[in-house]
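Q: Quick one: this structure, given as C-alpha cells, is what I'll be asking you about.
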Amino acid sequence: MITEVGKDVVLPILKGFLLTGKRLFRDKSTVMYPEQKRESYPRTRWRHVLARYENGLEKCIGCSLCAGACPARCIYVEAAENTNEERYSPGERYAMRYEINMLRCIFCGFCQEACPTGAIVLRSDFELADYQREDFVYTKEMLLEPMPVQSER
Amino acid sequence: MPETRLLLKHSGDAAYRSIQGYMDKGGYAGLKKALSMDRQAVIDEIKASGLRGRGGAGFPTWIKWNGIEKEKTKPHYILCNADEGEPGTFKDKELMENTPHLMIEGMIIAGWATQGDVGYVYIRGEFVDCARAVKKAIDEAYEAGFLGKNIQGTGWNFDMYVHLGAGSYECGEESALMSSLMGERGMPRLKFPHAPLPTVAGLWDCPTVINNVETYACAPYILVNGGEWYATLGASTKNSRGTKIFSVSGHVNRPGNYEIEFGTTLAELLEMAGGMKGGTLKACVPGGSSVPILNAEQTMNAVIGYEEMVDAGSMVGSGGCMFLNEHTCIVTFIWRTALFYARESCGKCTPCREGTAWMEQILDRIRKGGGRMEDIELLKEICSQIDGRSFCGLGDAAAWPVAGALKVFPEEFEYFIRHGHSIVDGPEYRRMAPEPLTPAKV
Amino acid sequence: MAAAANEPQSVILTINDIEIEVPRGELIVESVKRIGLEIPIFCYHSRMKPVGMCRMCLVDVGFKQPDGSVRMMPKPQAGCTLPADNNMVVYTDTEKVRRDRKGVLEFLLINHPLDCPICDRGGECPLQNNTIFYGPSTTRYVEIKRHLPKAFPLSKYVTLDLERCIQCGRCVRFTEEISGDSQLAFRFRGAMMQPSTFELTDFESRFSGNVIEICPVGALTSAEYRFRARPWDLQTKPSICLECSNGCNTWFDYRVASLVRINGRTNEAVNEEWTCDKGKFGQNYLNSPDRLTEVFVRDGDKLIESNWATAFQQVSVAFQSAGSKCAALVGGKASNEDIFMLKRLFTEAFGSNNLDHRWTRCLPKSDALYRVATSIADFENEPVIFVFGNNIAEEQPILFLRIRKAWFRNDAKVIVACPEACEADTFAHTSLRYRPGTEAVLLGAIHRAATGAGGVDIAEASSITGVGEEAIRRAADAMKSGFALAASRSLLDLRNGEHVVGALSNLTIACNSSEKYNLFATSANEEGARQIEFMPSAEGKNTREILEACASGEMKALWLLECDPLSLSHDNELVTKALETVEFLVVQNHIKSECVQFASVLLPACAFSEKDGTYTNLERRVQRIKPIIAAKGSAKPAWKSFGELLLRMKGDPPPFHAHEVMQLIAASHQKFQSAIYENLEGEGVVIPANQSTEPQAVDVEYTAMEVPSNTP
C-alpha cells in the first residue's frame, strides 16, 4: 500500500519538482516589462507611421489606396492640392486629413503593401492602450514622423 | 534599255509651258479626241493601256474611273494629288512646272469620262512655283475654251481650281487630302470596307476620282496614240505598262528625273544617272523613302515593274530612287527617315503616333552611342506592331524602311550598338552625316 | 447607298465560330455584345460616329468564300468601324489579336504618366481596366516620357492634364457632334497632338461636364471634384436633376453624407446619358451653410429657433383664424407628394382654394394652351421643328440636344425664332431674330405666309419685327405641311403672353400640327403641379390675385412652399408689399431665401437628395427619387409635415410613406394611376395628358408690344 502511494503519488511529485528545479539554473525567458522591453522582430507590424522624405516632405500623396485595401475599413483620407506656397508633398496632391481608427485596425499591413510611395508603414511601437474611445482615432499629426533634424529649410 | 521620254519629252522646252507652245507640239489633241468619243470608250481606252496609279500604290486607273456612277445624282469631283511629299521624289514638281498642261489635259479627260463637274489640284504647300505654273495654265485653258462652260461645244461644263496645302506629308494620303480640301484637319478618313470608296462617297460625300499628277499626265498620250500602243511600252513585265518617271538622287553623278519604260533594270537607271559618285554602290531605296531598302546585290538584279520590284524585296512606290554609296551609314540614314515619319505622323491612330516617335527615339539613342543589343529585337517588334495596325498607310510606310534595313543590314546595327559608332566611320561619312554627331571612338 | 433598300435588313456573320444574325450595317463592336463578348475600346462611343483612332478594337476578319473556305484579310481590322456583312468571319480572341491589343496598349502607355494614385480617374479608368485585362505587365520603353502641362484649367469646371491624354478624340467629337459648340479641337500633330480649345480660350459650353465622363483616362477631370475622393470612397445612388424641367437622370455620388459629384445616368427616353453643366455642377447648394435646417418662429423682430410642435401650434391657430382668407404658393422644386398634401391641407383643413404654382405674368384659363404633346425622345424623329421664344439651350438644355440630334442625324429642318443670338442658330434651317416684343406680329406673318390668310401682312410684319420677308416665307414654307413646336411657358411672362401663345396655337392648328403643340414647363415640377391641379378653382385666387390680396391686407395668411417669390415673380414691388403686409407668413424651404426676413414661421424642408418622392418632368414623365443622405437638422419632407398638421387639425391618419401619398394622388387623379411606385423603376412613367376637346383657334391680337428700352 505504502509503496504504491510512494510510486504513484510521491515519486511523480518529486519528478515534477525536479523538472522545475532544473530550470532554476537556466536563463530567465521572461522580461521585466515595462522597465525592460523585448527586442521585436524586424518585420513586426504595429503602430502606423506616415513617413517623410529626407527633405521633410511627406511621402503620403493622399491617394486613398490604403483605405481601399483596408479590410477593416478603418482608414479615412481626404486629399487636397499642394500649392507652391504651401507644399506638403512632392507632386500635386497631399493628404489633408489622414485618420486611422486603431480600435478597428487588425494590423494586417495591407495598407503598407498598397501604398505606392511607401508613406504608410507599420512600425514596432505596440503600446497602444488608452482610456477614451475617441483617442483611438489617430490623426495625421499623430501618425506623421517628426521632421528630420538636418532639414531646417 | 535607254531612257524613254514620253511625259518629259518637252520638259526642257520653255515654250511648252504655255498653251500655245503646248498645242504646237500636239497638246489638247487627246482631249479633243476624247470629247469626240463616248465616255465609256475613253475609260475602255485607259483600260486597254493598262495604266496604273503612279502615286505609289499602283492601283489600276480605269477601275477608279469606271467606279464613278454613270447615272449622275450628285456632283462628281476630279482630284489631282499633287501633294508630293515623299522624300526622294520630285517628279510631280517637274511635271507641274514644265508641263502643266499635260496634267490639266489629263484631268479634263478624266472629267469627261466620269461626268465630272469640278477639278481640284491639291498642291503641296511648299510648291509655290508649281502652283503658279498650274494656275497660269488653268487660266490659259479657260481662255482657250478647254475649261469652263460648254467645253468645245459639247455642252459639258468643267471647272478647275488650285488648292495649296499647308505643309503636311499626311495630306498626300488620299482621304486626308480630301479632309484637308474640305477645310478639316488633315487626317485620314475611314476607308473601304469601313466606309464607301471615294468613287462612291469621296469629297463632300460625292463620287470622286483621285489620281496622281503623273497618272493624269499619261492620259493625253493614251488618248492620242491609243491604249494598245501604250500597252506595248513595258510589255516585258508582268503587269506594268507604259513609262515611269524615276527621281534619281543620292550619290550619283547626274541626279534628276529619268523617264524609263517598265522592264528597265535599276542598274540601267543608275547608268543613266551617270553611275555612282564617291564610292561603290551600297544600297538603294528605289521608290521613295517609305519602301524597303535594297542592298547592292539586290539592286543590281532588280527589274523595274510593280510585281518585279516586290519580288526583288522592295516596291516601285512613287519613284524616288536613292542610290547610296559605301560611305553611307545605314543606321543614320534610317534614323533620319524615322525622324521624318515621326514628325509627319498626323496623330490620329495610336500605333503610328506613338510607334514612329518611339522608333525615332531608339534609333537616335543608338546613333548617339547608347544602343543596347535588345534594341534590334525591340525595333523589329515595334515595326510589326505598327505595320498593318495603323489607320492609314503612313504607319506602314514608317515601319517598312526600318524593318527592311534591319533585315538587309543587320550587321550595321549590331556594329553600331557594340562599338558606339558607325561601321563606315571615316572622313567621307562624317562629311555627309547630319549633325549632331557623336565623337567617333576609333 | 441606293441598293441597300432592296437588300435584306439583316445579315448573318460568324463571330468566334458562332453564327449570329444582326441588322445590316451594325458595327462589329456592337455585334459581339449580342453573344456576350466584348471588344476593348477607347475612342469608340456608341452615341458618336466611329473614327477608329485608338486601334484597340482590332479583330481578325475574313470572308467565307463560295467554296466554303475562309479567306482572312491580311491586316487586322478595327471592329469599331467595320459594318457587319454577310459571310463575314470575325475572331476576337486569337493569339494574333491578343498580341495586337498588347501592342496598342504598350504604345498608349509609353507616354502615359502612370500617376494613377493621384489621378481622379484612377479606379474607374478604362485605360486601367483594359491594361489589366489585355495589356503588357511591363514596358520596354526606356526613353524619357513626354512632358506636357499638367492640371491646365480649360475652364472653371474642366481641368486638362495633357500628359494623361491618349488622343482618342472623344471630347473633340462630343463638342462637334453632340453639343455642337465645337469648342475643342486637336492642335499639333504626331506624338505632340493634343486636344485644346482654339487659341487656349476658356472652354465655354453648356455641356462641358460630359467630356469629363466620356474621357477614357484622367485627362479631362472636374475642377470641383478634383482630389475630393477616390471612386472606392464614394457611394452612388440614382437621382433626378431638378435644375430645369427636363428631369435628367443622374448618379448622385456622396461621401460621408455630403454630395461629391453628379454624373449622368442613362435614360434613353430623357437625357440619353448627358447632363448639362447646370445639373452637373450646380448642386452645391446641398452642402451650403445657407441650408435651412431648423424650425424658427418669430418673436418680435427676431426669428428664434424652435421646434415643430410650437410651429404647428402657431400655424394652425393662424390659418384657422384666417379661415378662407389664406393662400399657398409653391415653387418648382416641390415634389408631387408635397404639392398634393399641401393642396389637401388647404382644401380640407383650412377650407381655402387660393392655391397656385404659376409665376408667369399671364395666367390663361384655357388648359389647351398648356398642352405638351411631343415627348423628348420623339423630337429626334420630327422632320420639322419650330423653336420659338427664348434660347432653348438655356431653358431646356437636354431637349436642345435632342433637337440638335434630330438635325445632325436625321436632317430635320429646325426653324429658330429667338430675339437674341442662340446656340440653335448654328444649325437652324431658318433663323428668325425678331425684335423683343414683336412675337405676336412675327407669328401672324408666318401664319399668313403658311396659310395665305389670317395673321398679318408679311411686308408690314417684316418692318416691325426686323425679320426679312424672305426668311419668314422660307420658314413658313418649311412649316406649312406640319411641324413640332418647342416653346416654353416663359412666353407667358410677356405682357401679351396670352396672345403670343394663342398665336402659336393658331399656327399649329392652321398647319395641321395641333397634336404637336408643346408649351413646356420651365421648372422641375411645374408640370406635376399642373397635373395635380394645384391651381385655384372657380372661386379661388391665382398667384397675382393672392399677392394683391396680401398686399391690400385682405389675405391674412400665406404659405410659401419651396419658393422665393422675389426671384420668381416679375413684380418685385408687389411681392415685397405683399410679404410685408400679410399677417402670417409661413416659409417652408430647404434653403434660406430672401423672403426669410418676412416669415412668421420658418420650416425646414428636405432637399431632393434627402427625401422620397416623385417629380413630373415637362413631358409628364413621373420619376422617383429616393432618400440618399440623411435629412439635415430637424428638416423633414414637406408632405410629412402637412400630414402631421392634418392629423393635428382634423385627426386624419397621416401617410407614413411617400408611396401612400402617391396612392392618394392616384385615387383622386385618375391619370396618376400608372405612376404608383412599383412602376417607377427604370425610365419612369409618362402619365396621360388631360382629355381635352379638339383645340380651337383663339382670338389673337397680332400686335407688337411696347418694350421699354431698359427691359432686358
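Residue numbers (the working numbering), protein chains in the order written: chain A, 1 to 153; chain B, 154 to 595; chain C, 596 to 1307.
Virtual Cβ for every residue (Gly too), placed ideally from N, Cα, C.
1) Secondary structure at Lys-546/C, three-state DSSP: helix, strand or coil?
2) Quick one: what does DSSP say Arg-277/B is sitting in, helix, strand or coil?
3) Is DSSP giving Lys-289/B helix, strand or coil here?
4) Assuming Ala-1001/C and Glu-975/C are in contact, meaning their beta carbons sit under 8 Å apart, how far apart are those beta carbons, in whole angstroms?
5) Can you find a C-beta in chain C that's less than 8 Å from the C-beta of Glu-99/A?
6) Of all the options Ala-1070/C, Arg-619/C, Trp-954/C and Asn-985/C, which has the alpha carbon lying nearest to the alpha carbon of Lys-1008/C?
7) Does Pro-71/A get closer than 8 Å to chain C when you measure Cβ to Cβ?
8) Looking at C-alpha atoms only, which residue of Pro-346/B, Ala-294/B, Ala-297/B and Val-281/B is the closest neighbour of Gly-320/B?
9) Expressed to the nearest angstrom, what Euclidean distance is found between the alpha-carbon atoms of Ile-576/B and Lys-223/B?
10) Among residues of its own chain, excluding the 5 on either side of Gly-874/C, which ones have a beta-carbon nearer than 7 Å to its beta-carbon?
11) Please classify Ala-852/C: does DSSP put it in a helix, a strand, or coil?
12) Report yes if the CB atom of Ala-904/C is closer than 8 Å to the CB atom of Val-892/C, and no otherwise.
13) Taking C-beta pairs closer than 8 Å, name the residues in chain C that Thr-352/B reaches, listed in chain order.
14) Anything in chain B within Cβ reach of Asn-706/C, meaning under 7 Å, just list it in chain order.
15) Would you call the segment 1050-1069 of chain C and the segment 965-983 of chain C in contact, with 3 or more CB pairs under 8 Å?
16) Among Ala-449/B, Tyr-175/B, Cys-505/B and Val-195/B, whose alpha-carbon lies nearest the alpha-carbon of Leu-376/B?
17) Would Phe-747/C count as contacting chain A if we go by Cβ distances under 8 Å?
18) Let me know the secondary structure DSSP gives Met-667/C once reduced to three states.
19) Using 8 Å as the threshold, is the segment 755-763 of chain C in touch with the segment 730-737 of chain C, meaning 3 or more CB pairs across them?
20) Using the beta-carbon of each residue, which ones in chain C are nearer than 7 Å to Arg-496/B?
21) For Asn-510/B, decide whether its Cβ has a neighbour in chain C, counting only Cβ atoms nearer than 8 Å.
22) In whole angstroms, what is the alpha-carbon distance linking Gly-62/A and Phe-793/C?
23) Could you tell me the alpha carbon to alpha carbon distance between Pro-42/A and Leu-11/A, rounded to whole angstroms?
24) Identify every run of the alpha helix (DSSP H) within the segment 202-254 of chain B, keeping only runs that are complete inside it and at least 4 residues long; order them along the chain.
25) Could you compute how far the alpha carbon of His-163/B sits from the alpha carbon of Pro-373/B?
26) Got a sec: is the Cβ-Cβ distance from Pro-1307/C to anything in chain B below 8 Å?
27) Take the Cβ of Glu-152/A as the centre, count every other Cβ of all protein chains shown within 10 Å, and call the residue buried at 16 or more, exposed below.
28) What residues from chain C crowd round Ile-120/A, counting only those whose CB sits closer than 8 Å?
29) So, for Ala-1270/C: in the same chain, excluding its five sequence neighbours on each side, which residues have a beta-carbon less than 6 Å away from its beta-carbon?
30) Go through its chain and collect everything with a Cβ distance to Ala-1124/C's Cβ below 7 Å, but skip five positions before and after it.
31) Going along the chain, which residues of its own chain have a beta-carbon closer than 6 Å to the beta-carbon of Glu-1296/C, five neighbours each way excluded?
32) Counting pairs of Cβ atoms below 8 Å between the segment 47-59 of chain A and the segment 704-723 of chain C, do you hit three or more?
33) Curious, which full-length alpha helix (DSSP H) runs of at least 4 residues does the segment 485-544 of chain B contain?
34) Looking at Gly-984/C and Ser-1083/C, is the spacing between their C-beta atoms short of 8 Å?
35) Rank Leu-1169/C, Pro-1249/C and Asp-612/C by C-alpha distance to the C-alpha of Leu-937/C and give the top, closest one.
36) Could you tell me whether the segment 653-673 of chain C touches the segment 503-512 of chain B, using the rule of 3 or more Cβ pairs below 8 Å?
A: To lay it out plainly:
1) Past the boundaries of the shown model lies residue 546/C; chain C is included only from 596 to 1307, so the question cannot be answered.
2) Annotated three-state conformation of Arg-277/B is coil, per DSSP.
3) Lys-289/B carries a helical assignment under DSSP once its states are collapsed to helix, strand and coil.
4) Between Glu-975/C and Ala-1001/C the Cβ distance is about 5 Å, and since that is below 8 Å, they are a contact.
5) Taking Cβ atoms only, chain C never reaches closer than 8 Å to Glu-99/A, which makes this a no.
6) Considering only alpha carbons, the answer is Ala-1070/C.
7) Pro-71/A does not count as touching chain C.
8) It is Val-281/B.
9) Distance between the alpha carbons of Ile-576/B and Lys-223/B is about 60 Å.
10) Excluding positions up to five away in sequence, the list reads Cys-836, Glu-838, Cys-843, Thr-845 and Ile-857.
11) Residue state, collapsed to three classes: coil.
12) Cβ distance not < 8 Å, so Ala-904/C and Val-892/C don't count as in contact.
13) Simply none; closest approach about 12 Å.
14) Residues of chain B passing the Cβ test: Glu-507.
15) Taking a contact to require three or more Cβ pairs closer than 8 Å, the segment 1050-1069 of chain C and the segment 965-983 of chain C do not qualify as touching.
16) Residue Val-195/B is the option with its Cα nearest to Leu-376/B.
17) Not one chain A Cβ lies under 8 Å of Phe-747/C.
18) Strand, per DSSP.
19) These segments do not touch.
20) Those within 7 Å of Arg-496/B in chain C are Gly-785.
21) In the sequence on display, residue 510/B carries Ala and not Asn. Taking CB atoms only, Ala-510/B has a neighbour in chain C less than 8 Å away.
22) Rounded to the nearest whole angstrom, the C-alpha separation of Gly-62/A and Phe-793/C is 34 Å.
23) Going from the Cα of Pro-42/A to the Cα of Leu-11/A covers about 46 Å.
24) As far as the segment 202-254 of chain B is concerned, its whole alpha helix (DSSP H) runs of at least 4 residues are 214-220 and 244-251.
25) Taking the straight line from one Cα to the other gives about 14 Å.
26) Any answer about Pro-1307/C is weak, because its pLDDT of 41 lies below 50 and its placement is not dependable; what the coordinates show is given next. No, Pro-1307/C lies away from the interface with chain B (no Cβ there is under 8 Å from its Cβ).
27) Because the pLDDT of Glu-152/A is 49, which lies under 50, any placement of that residue in the model is unreliable, and the question is left without a value.
28) Ordered by position in chain C, no residue passes the 8 Å Cβ test against Ile-120/A, which lies about 12 Å from the chain.
29) Taken in chain order, the residues that qualify are Val-1217, Val-1280 and Ile-1282.
30) The residues are Val-925, Ile-934 and His-952.
31) His-1094.
32) The segment 47-59 of chain A makes no contact with the segment 704-723 of chain C; the number of CB pairs closer than 8 Å stays below 3.
33) With a minimum length of 4 residues, the continuous alpha helix (DSSP H) runs that stay inside the segment 485-544 of chain B are 503-520 and 527-539.
34) A contact, by the Cβ cut-off of 8 Å.
35) If we check each option's Cα against that of Leu-937/C, Pro-1249/C comes out closest.
36) Segments in contact, no.
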